[in-house]
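Engineer:
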Amino acid sequence: MRNRRTFLTPAILSLVLLQMLSFPAWAGDQEFHQLVERISAYYQKRPMRSIGWLNFLANRFTPHGVSHFQMVIFDDIDTSDTPPGEEFESGLERIVGPSYQPFVRVHDVRSGDWTYIYTRESGKARFEMLIVTIDSSEAVVMKMQLTPDALREWLDDPVKKGRDSREEARQAEVN
Amino acid sequence: MNVTYKKISTKTSLTLFAVALLSTFSLPALGQNPRLDIKNLEALAKKASEVVDVNLDAPLLKLATKFMTDEDDREGLEVIKNLKGVYVKSFTFDKPGDYSPADVEAIRSQLQGPAWSRIVSAQSKHEGENTEIYLMTGADGGKVLGMAIIDVEPTELTVVNIVGPIDIDKLSQLEGKMGIPRLGEEDKESSQKPAGHHEKP
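Chains D and S, in that order, give the protein sequences. All letters in the first sequence, in the order written, are residues 0 to 174 by numbering that gives the first Met the number 0. All letters in the second sequence, in the order written, are residues 0 to 200 by numbering that gives the first Met the number 0.
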């Protein structure tokens with residue numbers, strides 16, 4: 000009996016861990032799920048399913064004041080019909096929904112990357128931030144919760160924080 | 000019946016005309032808008048290596064003020080709470096000379112109207128930096144309705160547009176925040192004019 004329990008406990012733990020690692024990034028948030036579905040429909044492409052472990056790790060090593068981090072990556076998308084830019088932005092705002100306020104937009108002219116950052120209030124003393132980075136073939140969508148102190152850092156230097164977010168999204172694509 | 004209808008119609012038209020005329024006179028600063036068109040500076044964007052836009056509309060500013068509860072935030076809160084928006088556009092260039100003074104004129108040309116006045120022009124000859132501050136005042140010349148800051152550096156150009164009533168004595172509360180550059184650094188050879196002295200660009 001004891002041997003059986005010794006065997007079962009690690010097995011169950013492994014299963015739980017595997018479940019967490021392979022879970023789609025957006026599974027826990029219905030609204031984020033719907034947003035991903037809308038982007039998916041827009042690009043006629045499903046997001047990569049193998050980045051659950053990235054979200055798992057990210058939620059344990061997020062910077063101070065950041066929580067509930069979720070991310071999806073759309074690989075090999077075709078942006079030729081609606082390349083990211085000014086016109087694309089209004090379409091993206093419809094997808095994102097009116098509750099999010101456009102906050103920062105970063106355009107890396109050389110690489111053609113566009114990063115759109117939206118924010119909104121989320122319950123008591125919390126903010127949500129949505130970051131969408133798109134280049135000619137990939138899109139990264141990140142959502143996170145911020146404490147007021149973390150939002151204050153954004154307000155103190157939105158230009159620098161916007162640039163940093165673009166870099167983080169680019170790193171996520173590389174990884 | 001037709002005559003009555005015509006009388007009412009004429010009266011209504013006259014009233015509407017009067018209202019329209021009054022609205023024209025009461026428009027801020029002789030019909031000019033304190034919100035600059037900084038989103039479409041395409042000529043500059045094409046020359047830049049990176050362009051960053053910051054958009055702090057009234058709802059976002061309101062959101063920010065809800066959590067400015069520290070004692071240190073009190074004066075900043077006083078400045079922000081009446082603002083309608085803060086908009087920043089920052090261009091980064093690979094090397095000096097990638098943009099010309101003529102490119103900056105695209106921005107300055109929007110500040111040529113009678114309601115806009117340049118109140119500060121600070122230059123640093125050694126570092127090639129130049130900061131200009133413009134104010135938009137109401138028709139009576141008193142109330143500040145908006146502000147524009149043009150910060151020119153060899154490889155960076157930042158345009159800030161603050162929309163809404165601002166107490167310029169408290170502007171320092173916003174320096175280094177919300178994408179607004181730090182102003183009045185000691186190493187700059189400042190040609191600042193007193194706040195009351197309005198200089199045309």
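Ideal Cβ placement from N, Cα and C applies to all residues, glycine included.
(1) Please classify Q29 (chain D) as buried or exposed, where buried requires at least 16 other C-beta atoms within 10 Å of its C-beta.
(2) Can at least three beta-carbon pairs, one atom from the stretch 61–74 of chain S and one from the stretch 156–168 of chain S, be found at a separation below 8 Å?
(3) Using a beta-carbon distance below 9 Å, is H106 (chain D) in contact with chain A?
(4) Does the stretch 66–83 of chain S come into contact with the stretch 107–122 of chain S, if we say contact requires no fewer than three beta-carbon pairs (one atom in each stretch) closer than 8 Å?
(5) For chain S, check one thing: does any of its Cβ atoms lie closer than 9 Å to the Cβ of L91 (chain D)?
(6) Kindly indicate if chain D contains any beta-carbon less than 9 Å away from that of G178 (chain S).
(7) Closest by CA to L34 (chain D), which one among D:F73, D:E166, D:V65 and D:S66?
(8) Less than 9 Å between the C-beta atoms of N32 (chain S) and V87 (chain S), yes or no?
(9) Classify S108 (chain S) as helix, strand or coil using the three-state DSSP reduction.
(10) Quick check on E120 (chain D) - is its C-beta less than 9 Å from some C-beta in chain S?
(11) Taking G111 (chain D) as the reference, which of D:K44, D:I133 and D:T146 has the closest Cα?
(12) Since D150 (chain S) is in the alpha helix (DSSP H), which residue starts that stretch and which ends it?
(13) When DSSP labels each residue in this structure, what does D52 (chain S) get in the three-state scheme?
(14) Look at the Cβ atom of G64 (chain D), then the Cβ atom of D148 (chain D), and state whether they are nearer than 9 Å.
(15) Between the Cα of S121 (chain D) and those of D:F102, D:P83 and D:T146, spot the shortest distance and give me the residue it belongs to.
(16) What runs of the beta strand (DSSP E), each 3 residues or longer, lie entirely inside the stretch 38–114 of chain D?
(17) Looking only at its own chain, which residues have a Cβ that is under 6 Å from the Cβ of Y133 (chain S), when we skip the five neighbours before and after it?
(18) Around the C-beta of T68 (chain S), are 16 or more other C-beta atoms found within 10 angstroms, so that it is buried, or is it exposed?
(19) Relative to chain S, which residues along the stretch 30–47 of chain D have a C-beta separation below 8 Å, given in chain order?
(20) For chain S, is any of its Cβ atoms less than 9 Å away from the one on F73 (chain D)?
(21) What did DSSP end up calling Q170 (chain D) once you bin it into helix, strand or coil?
(22) Could you tell me whether the Cβ of G161 (chain D) comes closer than 9 Å to any Cβ of chain S?
(23) Buried or exposed, going by whether 16 or more other CB atoms sit within 10 Å of the CB of P217 (chain S)?
(24) Using a Cβ-Cβ cutoff of less than 8 Å, which residues in the same chain neighbour P180 (chain S) once the five nearest sequence positions on both sides are dropped?
(25) Give the interface partners of E128 (chain S) over in chain D, defined as CB-CB distance under 7 Å, in chain order.
(26) For a contact meaning CB atoms closer than 8 Å, what does A124 (chain D) contact in chain S?
(27) Please state whether DSSP places K80 (chain S) in a helix, a strand or coil.
(28) Compile a chain-ordered list of the residues in the stretch 47–76 of chain S whose CB is closer than 7 Å to at least one CB of chain D.
(29) Which of the three DSSP states is assigned to K159 (chain D) in this structure?
(30) As an exercise, report each continuous beta strand (DSSP E) stretch of at least 3 residues that is fully enclosed by the stretch 153–183 of chain S, in chain order.
(31) Helix, strand or coil: which one does DSSP assign to S145 (chain D)?
(32) Note down the Cα distance separating S21 (chain D) from F68 (chain D), rounded to an integer number of angstroms.
(33) Can you list, in chain order, the residues of the stretch 139–165 of chain D whose Cβ is nearer than 8 Å to any Cβ on chain S?
(34) With the cut-off set at 9 Å, would you say L55 (chain S) and F90 (chain S) are in Cβ contact?
(35) Checking 9 Å against the spacing of the C-beta atoms, do V162 (chain S) and R34 (chain S) come in under that value?
(36) In the DSSP assignment, what are the bridge partners of E36 (chain D)?
Structural biologist: Quick look at the numbers:
(1) Classification of Q29 (chain D): exposed, given that the 10 Å Cβ count is below 16.
(2) Touching, no, given that fewer than three Cβ pairs across the two stretches are closer than 8 Å.
(3) In the structure shown, chain A cannot be found, because the protein chains are D and S.
(4) Here the stretch 66–83 of chain S does not lie against the stretch 107–122 of chain S, with fewer than 3 beta-carbon pairs under 8 Å apart.
(5) For L91 (chain D), the answer is no, since every Cβ of chain S falls outside 9 Å of its Cβ.
(6) Taking CB atoms only, G178 (chain S) has a neighbour in chain D less than 9 Å away.
(7) For the set D:F73, D:E166, D:V65 and D:S66, the Cα lying nearest the Cα of L34 (chain D) is the one of D:F73.
(8) No, these two residues do not count as a Cβ contact at 9 Å.
(9) In the structure shown, S108 (chain S) sits in a helix (DSSP, three-state: H, G or I).
(10) By this cut-off, E120 (chain D) is an interface position.
(11) Residue nearest to G111 (chain D) within the set D:K44, D:I133 and D:T146 is D:I133 (criterion: CA-CA distance).
(12) Per DSSP, D150 (chain S) belongs to no alpha helix (DSSP H); it is in the beta strand (DSSP E), V143 to E152.
(13) Residue state for D52 (chain S) is assigned as strand, using DSSP reduced to three classes.
(14) It is a contact, given that the beta carbons lie within the stated cut-off.
(15) Residue D:T146 is the option with its Cα nearest to S121 (chain D).
(16) You should have 65–73 and 100–107.
(17) Spatial neighbours of Y133 (chain S) in its own chain (CB-CB distance under 6 Å, excluding positions within 5 residues in sequence) are listed in chain order as L110, W115, R117 and A147.
(18) The residue in question, T68 (chain S), is exposed, as its Cβ has fewer than 16 Cβ neighbours within 10 Å.
(19) Correct list: empty, as no residue qualifies.
(20) Cβ-Cβ to chain S under 9 Å: no for F73 (chain D).
(21) Residue state, collapsed to three classes: helix.
(22) Under the Cβ distance rule, G161 (chain D) counts among the residues neighbouring chain S, one pair being separated by less than 9 Å.
(23) Beyond the ends of chain S as shown, which are 0 and 200, falls residue 217 (chain S); an answer cannot be given.
(24) T130, I148, D150, T157, V159 and E174.
(25) Per Cβ cutoff of 7 Å: no residues; E128 (chain S) is ~17 Å from chain D at best.
(26) Neighbours of A124 (chain D) on chain S, chain order: F66.
(27) Coil.
(28) For the stretch 47–76 of chain S, the set of positions with a beta-carbon nearer than 7 Å to some beta-carbon of chain D reads A47, S48, E49, V50, V51, D52, V53, N54, D56, P58, L59, L62, A63 and F66 in chain order.
(29) In the three-state reduction of the DSSP assignment, K159 (chain D) falls in the helix class.
(30) Listed in chain order, the complete beta strand (DSSP E) runs (minimum 3 residues) inside the stretch 153–183 of chain S are 155–162.
(31) Note on residue identity: the sequence assigns Leu, not Ser, to residue 145 (chain D). Here DSSP, grouped into helix, strand and coil, assigns L145 (chain D) to strand.
(32) For S21 (chain D), the pLDDT reaches just 44, beneath the cut-off of 50, and the residue's location in the model is therefore unreliable, although a value from the coordinates is still provided. Roughly 16 Å between the two C-alpha positions.
(33) Those residues of the stretch 139–165 of chain D that come within reach of chain S (Cβ to Cβ, closer than 8 Å) are P147, L150, R151, L154, D155, D156, P157, V158, G161 and R162.
(34) It is not a contact, given that the beta carbons lie outside the stated cut-off.
(35) In contact: V162 (chain S) and R34 (chain S) (Cβ atoms closer than 9 Å).
(36) According to the DSSP secondary-structure assignment, E36 (chain D) is paired through a beta bridge with no residue.
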